[in-house]
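Positions 2 to 492 (the working numbering) are the ones given, in order, by the sequence shown.
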Amino acid sequence: MAEGSPGTLVAERFRLVEMLGRGGFGTVWRAFDEKLRADVALKGIRRRADLSEAERDEIEIRLERECQISAALRNCPHVVTTLDVVRDGDDDPWIVMDYYPSRSLRAVLDREGRLALTETAAIGTCVLEALQAAHAAGVVHRDVTPANILLGTDGSARLTDFGAALRTTDQRVTIGVLGVPGFVAPEVLTGRAPQPGADVFALGVTLFTAAEGRPPFDSATWAETAAEHPGRAATTTLSGPLGPLFDRMLAPDPAARPTTDQALAAIWEFLDGAADPDATGDQYAPGTHDATEDLDATAGLDATAGLDATGAPDGAAEQGLGEPLPPDEGAAVFSERRIPRAVLLAAGAVLLFASGIVPAGLGGDFNLWDPWHLLSVALPVIAAFALFWRAAQPTGHLAIDAERISMERGWYHFTVHWSRIDAARVASGKLAVTLMEGDIPLQTSQYERIWPLPRYNARTGVLTVCRLSRFRDASPAAVSAALDATAWPHV
């Protein structure tokens with residue numbers, strides 16, 4: 002059997018390090034390739050001793066097909082690539098794959114219950130791009146489920162496990178119903194050969210489950226699945242603008258479902274609207290790098306994770322990022338929108354006055370040890386001091402000059418020097434910069450939540466600085482003009 006323990010050497014090359022998962026198929030390990038000196042993932046295939054020769058041959062065919070399909074998709078960044086199949090002394094196969102630090106969407110949903118719509122949409126874009134590549138190569142995945150979608154610590158998502166996949170032109174494969182009940186398209190249940198629309202249906206079930214916190218169908222067995230699908234529309238309550246897209250993806254008729262291109266366009270439209278529905282998009286890109294990639298729609302990375310006590314990222318001095326310097330003379334400076342200090346101070350004074358109303362009204366009956374009496378005093382006092390604290394904070398700004406782009410707002414303080422910027426862009430009401438290749442200014446978070454700006458996307462190299470709506474007079478046209486006037490040329 003393809004089993005092992007930490008330290009076991011597989012195929013005289015791969016040293017097992019830690020188990021990543023276990024299932025009916027076998028185990029997945031992080032391993033060290035002692036020849037290439039790099040981490041890989043090894044999936045050990047457990048084959049039962051009672052399998053017939055024909056069943057063993059079928060497993061061999063599926064393994065060969067999985068490797069060939071994965072190799073054909075190796076240029077897609079959203080697919081976990083299979084590198085090879087090796088055998089140990091017991092002749093059980095091990096699949097060698099890229100090591101991708103991640104957790105499955107299934108594990109995240111088990112812990113979180115549901116995801117925010119922007120997170121769900123971001124994951125959808127990655128998986129749709131993976132399916133685009135697969136369908137363009139004539140491949141149907143056949144097993145798109147939360148368990149087979151991995152969320153990486155770098156903010157990306159990848160589709161894995163092409164063990165059930167087939168080429169639509171492959172005549173050697175016996176077509177049957179494979180997959181997880183509730184995720185299999187209705188036409189497949191009736192015996193039709195899987196087509197790309199079946200993957201769209203399965204992804205629709207997956208995204209619905211992520212957004213709603215429950216599956217659209219309650220099927221637990223194949224019989225329940227067959228009885229539940231026909232003509233049944235799933236009811237969305239938490240999916241908001243994504244609800245109509247999910248309805249189309251879950252249509253019983255495959256011809257009524259969107260293609261991967263159409264679904265991707267719909268999700269991007271939602272993400273653009275979610276970012277800032279009233280903003281217009283203007284772009285400035287001084288270099289040849291394509292700065293029109295997504296700014297922050299992929300699963301979020303916490304840009305505050307690598308900040309020190311001043312708000313500057315670790316190692317900022319060496320990388321051209323750090324605490325903002327005073328803007329140069331002639332810089333375009335946009336002041337932070339905020340409630341006037343006088344209003345904050347006045348509101349705080351009113352709250353302090355209110356904190357004495359209950360004690361005064363109760364007179365001798367006021368008891369500081371009574372929880373309700375204590376709250377009646379403590380809450381206004383706490384709120385008042387919070388307003389005083391906010392009033393004491395300096396007014397932030399966004400400044401763009403010939404040397405740097407700096408932003409100061411609340412806890413966020415940093416500077417990006419033009420020498421580190423490959424392109425700058427204003428789109429969807431946000432300012433973002435694409436950093437020079439190799440510059441990674443911020444430590445990324447291993448948590449998948451979408452956090453407040455600024456935020457760095459390790460996959461695209463884009464640092465989303467701020468929403469322009471947070472600053473006075475920072476219209477897309479005004480900020481784009483400032484970028485045009487001050488950006489360093491890159492050749």
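Glycine included, every Cβ here is placed at the ideal spot set by N, Cα and C. If you're wondering where the values come from, they're calculated on a predicted model, not measured in any experiment.
**Study point:** Cut-off 7 Å between Cβ atoms - residues of its own chain near residue 7, not counting five sequence neighbours on either side
**Key:** If we look at residue 7 and ignore the five residues flanking it on each side, its Cβ neighbours are 17, 18, 19.
Check your understanding: Touching or not, the segment 100-111 and the segment 144-161, by the rule of three or more beta carbon pairs under 8 Å?
Key -> Counting C-beta pairs with one atom in each stretch, the segment 100-111 and the segment 144-161 have three or more that are closer than 8 Å, which means they touch.
Review point. To which residues does DSSP link residue 518 through a beta bridge?
Key: Residue numbering for the chain in the displayed model covers 2 to 492; residue 518 lies beyond these limits and cannot be assessed.
Check your understanding: From residue 268 to residue 126, what does the alpha carbon distance come to, in whole angstroms?
Key -> Spanning the two alpha carbons is a distance of roughly 7 Å.
Practice item. Inspect the beta-carbon positions of residue 199 and residue 249 and report whether they are closer than 8 Å. Key: No, the pair does not count as a contact, with Cβ atoms beyond the cut-off.
Check your understanding: Looking only at C-alpha atoms, which of 254, 216, 466, 161 sits nearest to residue 190?
Key -> Among 254, 216, 466, 161, the Cα nearest to that of residue 190 is on 254.
Review point. What's the call for residue 474, buried or exposed, on a 16-neighbour Cβ count within 10 Å?
Key: With fewer than 16 other beta carbons inside 10 angstroms of its own, residue 474 counts as exposed.
Check your understanding: Going by the beta-carbon positions, is the gap between residue 103 and residue 151 smaller than 8 Å?
Key -> Going by C-beta atoms, residue 103 is nearer than 8 Å to residue 151.
Point to revise | Bridge partners - residue 30, DSSP secondary structure assignment | key: Under the DSSP definition of a beta bridge, residue 30 partners with 20, 43.
**Study point:** Distance between beta carbons of residue 406 and residue 427, contact taken as under 8 Å
**Key:** Contact annotation, residue 427 with residue 406: C-beta distance approximately 12 Å; criterion of less than 8 Å not satisfied.
Review point. Would a C-beta distance cut-off of 8 Å place residue 79 and residue 130 closer than the cut-off?
Key: Yes, Cβ-Cβ distance for residue 79 and residue 130 is below 8 Å.
Point to revise | Complete alpha helix (DSSP H) runs within the segment 131-201 (minimum length 4 residues, chain order) | key: Runs of alpha helix (DSSP H) with 4 or more residues, each lying fully within the segment 131-201, are found at 187-190, listed in chain order.
Practice item. Could you give the DSSP three-state label for residue 408: helix, strand or coil? Key: Residue 408: strand per DSSP, three-state reduction.
Review point. On the three-state DSSP scale, how would you describe residue 218?
Key: Note: residue 218 maps to coil in three-state DSSP.
Practice item. Could you pull out every residue in the same chain whose Cβ sits closer than 7 Å to the Cβ of residue 260, ignoring the five residues on either side in sequence? Key: None.
Check your understanding: Using DSSP with H/G/I as helix, E/B as strand and the rest coil, what is residue 372?
Key -> Note: residue 372 maps to helix in three-state DSSP.
Review point. Where in the segment 54-113 do unbroken runs of the alpha helix (DSSP H), each at least 4 residues long, occur, reported from the N-terminal end onward?
Key: You should have 54-73, 106-113.
**Study point:** Where residue 474 falls: helix, strand or coil (DSSP)
**Key:** Correct three-state label for residue 474: coil.
Practice item. Measure the alpha-carbon distance for residue 278 versus residue 39 and round it to whole angstroms. Key: For residue 278, the predicted structure reports a pLDDT of 36, less than 50, and the residue's modelled location is therefore unreliable. A value from the coordinates is still provided. When rounded, the distance between both Cα atoms is 45 Å.
Review point. Can you pull the DSSP bridge partners for residue 400?
Key: Answer is 334, 407.
Check your understanding: Distance, Cα to Cα, residue 185 vs residue 115?
Key -> Straight-line measurement puts the Cα of residue 115 at about 21 Å from the Cα of residue 185.
Point to revise | Alpha-carbon spacing of residue 356 relative to residue 393, whole angstroms | key: Rounded to the nearest whole angstrom, the C-alpha separation of residue 356 and residue 393 is 21 Å.
Review point. For residue 132, is the classification buried or exposed, using 16 other Cβ atoms within 10 angstroms of its Cβ as the cut-off for buried?
Key: The residue is buried, with at least 16 neighbouring Cβ atoms inside 10 Å.
Practice item. Express the C-alpha separation of residue 483 and residue 333 in angstroms, rounding to a whole number. Key: Each residue's Cα considered, the two are about 6 Å apart.
Check your understanding: Can you name, in chain order, every residue of its own chain whose Cβ lies under 8 Å from the Cβ of residue 396, other than the five neighbours on each side?
Key -> Around residue 396, the same chain offers 336, 337, 339 as residues with beta carbons nearer than 8 Å, after the five sequence neighbours per side are excluded.
**Study point:** Inter-residue spacing [alpha-carbon to alpha-carbon] between residue 168 and residue 271
**Key:** Counting only the Cα atoms, residue 271 lies some 32 Å from residue 168.
Check your understanding: Relative to the C-alpha of residue 385, which residue among 344, 69, 263 is closest?
Key -> Considering only alpha carbons, the answer is 344.
Review point. Just to confirm, are residue 246 and residue 212 a CB contact at a threshold of 8 Å?
Key: No, the pair does not count as a contact, with Cβ atoms beyond the cut-off.
Review point. Residue 276: buried (16+ other C-beta within 10 angstroms of its C-beta) or exposed?
Key: Residue confidence is low: residue 276 scores 47 on pLDDT, short of 50, so the model does not pin down where it sits. Its coordinate-derived value is still stated next. That one is buried.
Point to revise | Nearest candidate by alpha-carbon position, reference residue 82, set 264, 88, 58, 135 | key: Sorting 264, 88, 58, 135 by C-alpha distance to the C-alpha of residue 82 places 135 at the top.
Point to revise | Counted within 10 angstroms of its Cβ, other Cβ atoms place residue 341 as buried (16 or more) or exposed | key: With fewer than 16 other Cβ atoms inside 10 Å of its own Cβ, residue 341 counts as exposed.
Check your understanding: Can you tell which of 379, 44, 241 has the C-alpha that lies nearest to the C-alpha of residue 119?
Key -> Comparing alpha-carbon positions, the option among 379, 44, 241 lying closest to residue 119 turns out to be 241.
Point to revise | Three-state secondary structure assigned by DSSP to residue 496 | key: Look at the range of the chain in this structure, 2 to 492, and you will see that residue 496 is not part of it.
**Study point:** Reduced DSSP category for residue 485 - H, G, I as helix; E, B as strand; rest coil
**Key:** In the displayed model, residue 485 falls within a helix according to three-state DSSP.
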